[in-house]
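*Asks:* Numbering (our numbering), first residue to last: 536 to 575. Beta carbons: idealized from backbone N, C-alpha and C, even for Gly. Quantities reported herein were computed from a predicted structural model and do not represent experimental measurements. Before I ask anything, let me first share the structure, which is written out below as structure tokens.
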Amino acid sequence: MASVSVAEEDRIIYISSDMFKIYEHGLNESDGIRLQKKIF
536 MASVSVAEED RIIYISSDMF KIYEHGLNES DGIRLQKKIF
């Protein structure tokens, strides 16, 4: 699970470069990405 920032109105998801490096292989999978919204 990786933390991201979302601009809902623009439908854009931002991920830090550090997190991207950690999860790069999984983020490039052809199966897609599952999003789960958590409110703190």
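1. Tell me the rounded alpha-carbon separation between Ser540 and Lys572.
2. Kindly list the residues whose CB is nearer than 6 Å to the CB of Ser565, restricted to its own chain and excluding five residues on each side of it in sequence; keep chain order.
3. Would Met554 and Ala537 be called neighbours here (beta carbons separated by less than 8 Å)?
4. DSSP on Ile550, reduced to helix/strand/coil?
*Replies:* With the given structure in hand:
1. So the two alpha carbons sit approximately 11 Å from each other.
2. Around Ser565, the same chain offers no residue with a beta carbon nearer than 6 Å, after the five sequence neighbours per side are excluded.
3. Met554 is a Cβ neighbour of Ala537, given a cutoff of 8 Å.
4. If DSSP states are grouped into helix, strand and coil, Ile550 belongs with coil.
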